[in-house]
Amino acid sequence: MTTTSARIAQAFSLIGHAYMHLLVALFLTVVLALEREWRLPYAELISLWTAGAFLVGAFAPLAGILGDRWSAPGMMVVFFIGAGLSTIACGFAEGPVSLAVALAGLGAFAAIYHPVGMAWLVRTAVNRGMALGIFGVFGSAGVALAGMVAAGLVDFVSWRAAFIVPGAIAFATGLALVFCMVMGWVADSSVDRAPHGEPSRGDMMRAFFVLSLTVFLGGLIYQATQVALPKALAERVAHVASSGTLGAGTLFTVIYLVAGLLQVAGGWLVDRYPLKWVYLWTYILQVPLLFATAAAAGVPFVVAVMLSVVLNTGSLPAENFLMARYTPSRWRSSAFGAKFVLSLGVTPVAVQLVAWIQGATGGFFWLFALLCASAAVVVVAILALPGESRAEAPVAGAAR
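Mapped onto the numbering used here, the consecutive letters of the sequence shown carry residue numbers 27 to 426.
#1: Using only the alpha-carbon positions, how far apart do Met-174 and Asp-297 sit?
#2: In three-state terms, what does DSSP make of Val-180?
#3: If distances are taken between C-alpha atoms only, which option among Gly-83, Gly-100, Val-375 and Pro-412 comes closest to Ala-202?
#4: Does Met-231 get closer than 8 Å to chain B when you measure Cβ to Cβ?
#5: Pair every Cβ in the stretch 193 to 209 with every Cβ in the stretch 376 to 385, then say whether three or more of these pairs are closer than 8 Å.
#6: Classify Val-142: buried if its beta carbon has 16 or more other beta carbons within 10 angstroms, exposed otherwise.
#7: Where do the ends of the alpha helix (DSSP H) carrying Trp-2 lie?
#8: So, helix, strand or coil for Phe-390, using DSSP?
#9: Please classify Ile-34: does DSSP put it in a helix, a strand, or coil?
#10: On the three-state DSSP scale, how would you describe Trp-146?
#11: Where Leu-283 and Arg-65 are concerned, what is the direct C-alpha to C-alpha distance, given to the nearest angstrom?
#12: Counting C-beta neighbours from all protein chains within 10 Å, is the total for Gly-244 16 or more, i.e. buried, or is it exposed?
#13: Could you tell me the alpha carbon to alpha carbon distance between Asn-346 and Ser-238, rounded to whole angstroms?
#14: By how many angstroms is the C-alpha of Gly-108 removed from the C-alpha of Phe-135?
#15: Would you mind sorting Ala-256 into buried or exposed? The rule is 16 or more other CB atoms within 10 Å of its CB.
#16: Whose C-beta lies closer than 7 Å to the C-beta of Arg-416 among residues of the same chain, with five residues either side of it excluded?
#17: Could you check which residue in Leu-316, Met-231 and Gly-324 has the C-alpha nearest to that of Leu-333?
#18: Check Glu-261 in the structure and name its three-state DSSP category.
#19: State the Cα-Cα distance for the pair Tyr-68 and Ala-213, rounded to the nearest angstrom.
#20: Measure the Cβ-Cβ separation of Thr-150 and Ala-35 and say whether it is below 8 Å.
#21: Going straight from the alpha carbon of Val-169 to that of Val-253, what length do you get?
#22: Taking one C-beta from the stretch 82 to 90 and one from the stretch 362 to 371 each time, how about it: are there three or more such pairs within less than 8 Å?
#23: Flag this pair as touching only if the stretch 44 to 55 and the stretch 177 to 195 have three or more C-beta atom pairs under 8 Å; answer yes or no.
#24: Which residue wins for smallest C-alpha separation from Trp-294, given the options Ala-145, Leu-342, Val-367 and Ser-31?
#25: Thinking C-alpha only, which one of Gly-78, Ala-115 and Trp-211 is nearest Ser-31?
#26: Please report how far the alpha carbon of Arg-426 lies from the alpha carbon of Ala-274, in whole angstroms.
#27: With burial defined as no fewer than 16 other Cβ atoms inside 10 Å of the residue's Cβ, what is the status of Gly-117: buried or exposed?
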């Protein structure tokens, strides 16, 4: 793979990460408008995303296998075009049933991105830690922009436009990738540009079991916070409660934008320090912050939830690098597919958890208390990860 081809591939991978998170997060803000438009309770409406959220994780292994055995760029084309069309279909929904079906389609196509796009990026990158940090910035930017894009289009155009406009842009990006492939500017490759030594089988199995638990619980913390946050901000921050959808959407955007930008720091750390300890400290610090988030209101709530999101997203470069390190390159898309069965497959659990707790208690105290306990379990699990070894160091003379 040439340097130019690698850079174009990385650009589409990074843009795809932003699009994936933006498209699946649009509904979390649009639902605030649908409460008024359709006169249905929040708990009932947010549950419409359950099937789509389930498919984001359930289809990830199949997407990973196809990425490994068929074509990573080809699967990315399917992602851009399919997710774009599904999002447009959300904008034409006439009621809860048709919206749930369109959201399910979005979830199915969104499942392609993480196992394929992340493996594609790792394969084409030289400095993987920094590449994964930048990757995280784009993903968090997508989440962050979803709140502002959705709220802006809802308030100034309509809730339908909040789906149709981003969906059309994603569809057009898929056509651009097809053009680049036809022109020969994007090529597929099964060889890493910066290969690493293979870990022992024992370390691979140990890392697999530990990361399965930490990925699941870390995903629960991330997804439940993301689902609940627009409504929690509207309830706990006074000036947001009086400023409509745009107020909650804008503050949601600021929180995830700050978290996303700071993922570069996570990437910088994992290129310089032991992955295990970088990963560990991001969760040690989340425990007291999530505890504070459970009871705080106003500015303290915003600060606590922002820092906990920063640390949760900041853990991802280390987590993804660990997955790449303990997986043979020829199976990396499949391994990331398995990972995202857990981290994204937990989304329907998070959606139902948010709906149940908010519906039963009228608030989010017990949700954040549960997430605090989950972070504490992750801390204990990370201690069981293998230590660093020479076999994990970069291979001398790796391709640039």
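Where a beta carbon is used, it is the ideal one built from N, C-alpha and C, also for glycine.
Let me spell this out:
#1: Straight-line Cα distance between these residues: approximately 33 Å.
#2: In the displayed model, Val-180 falls within a helix according to three-state DSSP.
#3: For Ala-202, the nearest C-alpha among the options comes from Gly-100.
#4: Considering every chain present, this structure includes no chain B. It has just one protein chain.
#5: The stretch 376 to 385 and the stretch 193 to 209 do not touch, with fewer than three beta-carbon pairs separated by less than 8 Å.
#6: Taking all protein chains shown into account, Val-142 has 16 or more neighbouring C-beta atoms within 10 Å of its C-beta and is therefore buried.
#7: The requested residue 2 does not occur in the structure, where the chain is confined to residues 27 to 426.
#8: DSSP places Phe-390 in coil when its eight states are reduced to three.
#9: Reduced to three states, the DSSP call for Ile-34 is helix.
#10: Reduced to three states, the DSSP call for Trp-146 is helix.
#11: Rounded to the nearest angstrom, the two C-alpha atoms are 31 Å apart.
#12: It is buried - the Cβ of Gly-244 has at least 16 other Cβ atoms within 10 Å.
#13: Rounded to the nearest angstrom, the two C-alpha atoms are 12 Å apart.
#14: Inter-residue distance for Phe-135 and Gly-108 is about 6 Å (C-alpha atoms, whole angstroms).
#15: Contrary to the premise, residue 256 reads as Pro rather than Ala in this sequence. With 16 or more other Cβ atoms within 10 Å, it is buried.
#16: Confidence at Arg-416 is low in this model, with a pLDDT of 40, below 50, so its placement is unreliable and no value can be given for it.
#17: Minimum Cα distance to Leu-333 is reached at Leu-316.
#18: Residue state, collapsed to three classes: helix.
#19: Approximately 45 Å, taken between the alpha carbons.
#20: Yes. Within cutoff.
#21: Straight-line measurement puts the Cα of Val-253 at about 11 Å from the Cα of Val-169.
#22: Taking 8 Å as the limit for Cβ pairs, the verdict is that the stretch 362 to 371 does touch the stretch 82 to 90.
#23: At 8 Å Cβ cutoff, the stretches touch.
#24: Cα-wise, what sits closest to Trp-294 is Leu-342.
#25: The residue with the shortest Cα to Cα distance from Ser-31 is Trp-211.
#26: Per-residue confidence for Arg-426 stands at a pLDDT of 25, beneath the threshold of 50, marking its modelled position as unreliable; the derived number appears in the next sentence. Rounded to whole angstroms, the separation of the alpha carbons of Ala-274 and Arg-426 is 45 Å.
#27: Around the beta carbon of Gly-117, a 10 Å sphere encloses 16 or more other beta carbons of the protein chains shown; the residue is thus reported as buried.
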